[in-house]
Every structure is written in C-alpha cells, then in structure tokens.
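Under the working numbering, the residue at position 59 of the sequence shown is numbered 79, and the numbers go up by one with no gaps. Read the structure below first, then the notes.
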Amino acid sequence: MLKAHQACIDLGKNVLRIQGREVQFLSEHELPDKARIFESPHDENEAGPSTTSTPAPAQQPQQRFPGAGNTIGAGPANTAAPPPRRGAPPASSHPESAIQTLMNLGATREIAISTLDAAGGNLDVAASLLF
21 MLKAHQACID LGKNVLRIQG REVQFLSEHE LPDKARIFES PHDENEAGPS TTSTPAPAQQ
81 PQQRFPGAGN TIGAGPANTA APPPRRGAPP ASSHPESAIQ TLMNLGATRE IAISTLDAAG
141 GNLDVAASLL F
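Written as structure tokens, this is what we have:
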C-alpha cells in the first residue's frame with residue numbers, strides 16, 4: 021500500500037513522506053485523549069507522579085499469549101510433535117458417510133470428526149470449514 025501511494029516511512033527524520041510531502045509523527049505528549057484509551061496502568065505509573073490524590077489502580081497481571089511465538093517467515097518451532105495415534109479410529113456420533121465425504125475432500129479422519137463437531141453435525145458447514 022505504501023508503494024502504491026509512493027509513501028516512505030523515515031524513522032530517522034520521524035516523518036511519513038508521501039510524494040515529496042513530509043508529515044511529522046506525533047510525540048507521546050501530542051496524542052489526543054482518545055488515542056490514550058489503550059494505555060495500560062503500567063504505562064501510567066512510569067509517566068511519573070500524578071498531580072491528583074487518587075489512589076493508583078491495582079495492576080492486573082499481564083496475560084500471556086497462548087501461541088507458539090513464531091514469527092512470519094521463520095521455521096517451525098522445535099517442539100516435539102505427539103506421535104501419531106495408531107489403533108482404533110476415534111469413536112464418533114456422526115454418520116460414517118459424512119466422515120467419509122469429508123475424508124474424500126482431503127481431511128484426515130480426526131479432522132473430519134472435529135470439523136463435524138464444530139459444525140454441529142452439518143455436513144455442508146463442515147465441508148466449508150475445511151476450505
């Protein structure tokens with residue numbers, strides 16, 4: 021999108037340059053109040069002492085992202101994958117014909133069953149979830 025508009029982000033000069041015109045980025049103190057809605061209580065405490073006598077809000081524990089933390093373009097994390105299950109296929113309350121239809125579309129049996137579970141047993145919805 022920047023290329024289509026011939027824009028360049030120049031962090032050295034702290035500007036956005038679009039077709040020869042430069043627009044300065046705002047400093048923290050220049051942000052409008054509505055842009056400060058998403059500040060965390062931790063950031064407010066670092067800003068310095070407050071001039072009001074209101075008690076500091078209790079800090080909430082930071083929530084950890086449950087993902088693996090991979091970056092785009094990076095290889096997969098070196099985590100040991102669980103060994104594939106051998107033996108009896110998992111029991112299902114869905115008709116075998118529906119499972120087989122999804123397997124014919126390229127899904128494994130486990131994925132077909134979990135997709136049918138997610139779709140509430142509706143084969144059409146389950147098939148659309150695969151693609």
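Just so it is clear, CB atoms sit at the ideal spot from N, CA and C, and this is done for glycine as well. Source: prediction; values computed, not measured.
Find out if the Cβ-Cβ distance for the pair R37, D30 is shorter than 7 Å. Contact: yes.
Boundaries of the beta strand (DSSP E) in which Q26 is found, first to last residue: Q26 -> no beta strand (DSSP E), and no H or E assigned at all.
If contacts are defined as beta-carbon pairs under 8 Å, then L136 and H114 qualify, I think. What distance do you get, rounded to the angstrom? Right, their Cβ atoms sit about 5 Å apart.
Closest to F45 by CA distance: which of K33, R129, Q26, A146 is it? Per the Cα distances, K33.
To the nearest angstrom, how far is the alpha carbon of E48 from that of C28? For E48 and C28, the distance between alpha carbons rounds to 21 Å.
Straight-line CA distance for A118 to F151? Taking the straight line from one Cα to the other gives about 16 Å.
Within 10 angstroms of the Cβ of L125, are there 16 or more other Cβ atoms? Answer buried if so, exposed if not. With fewer than 16 other Cβ atoms within 10 Å, it is exposed.
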